[in-house]
Amino acid sequence: MTGGNTGHEAQTAIQEPIEIKLDETADIELEQEILLPDIFIYLNPSNGLFTIESEEPINPQQIEVYDIFGKRILPVINQNDNGLSLNLTSNAKGTYFIKIGTYSQKMVVE
Numbered sequence: 001m002t003g004g005n006t007g008h009e010a011q012t013a014i015q016e017p018i019e020i021k022l023d024e025t026a027d028i029e030l031e032q033e034i035l036l037p038d039i040f041i042y043l044n045p046s047n048g049l050f051t052i053e054s055e056e057p058i059n060p061q062q063i064e065v066y067d068i069f070g071k072r073i074l075p076v077i078n079q080n081d082n083g084l085s086l087n088l089t090s091n092a093k094g095t096y097f098i099k100i101g102t103y104s105q106k107m108v109v110e
């Protein structure tokens, strides 16, 4: 009889944190949707030339690019009417990560 009660108590303890975690996750996702503008990165994968477009202006100083080892890369950034162009052609082929403010995405240079 004691074993049945212990199993029931453990099951209740597992269910409660799951409900709380789902509620917290839903709130976080909702906040991120509201705070992040639509950002598009074109030609991914590419030969090293990427176009970044957004509904809102992007400050080039907000852009950070990292290689797969976490080393910060300093790409050539040109601003135009439609957004920004990012040039990684002088870097080795591979996977790079771009961070724009709180937004991040993986880019592949082939």
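Residues in the sequence shown are numbered from 1 upward in steps of one, following the working numbering. All C-beta atoms in this analysis are idealised placements derived from N, C-alpha and C, irrespective of residue type, glycine included.
Beta-carbon spacing of residue i, residue j below 8 Å
i, j, result
"Glu110", "Pro45", "yes"
"Leu84", "Ile73", "no"
"Asn91", "Gly48", "yes"
Integer Cβ distance of residue i from residue j, believed to fall under 8 Å
i, j, result
"Ile63", "Ile98", "7 Å"
"Ile52", "Tyr103", "Not quite, the Cβ-Cβ distance comes to about 10 Å (not below 8 Å), so this is no contact."
Cβ shell of residue i (< 7 Å), same chain only, five flanking positions each side left out
i, result
"Lys106", "Thr95 and Phe97"
"Pro75", "Val65, Leu86, Asn87 and Leu88"
Per-residue burial, residue i [other beta carbons within 10 Å of its own, 16 or more giving buried]
i, result
"Ile68", "exposed"
Closer than 7 Å: residue i CB and nearest the ligand GTP heavy atom
i, result
"Pro75", "What this structure holds is no ligand at all, so the ligand GTP is not there to describe."
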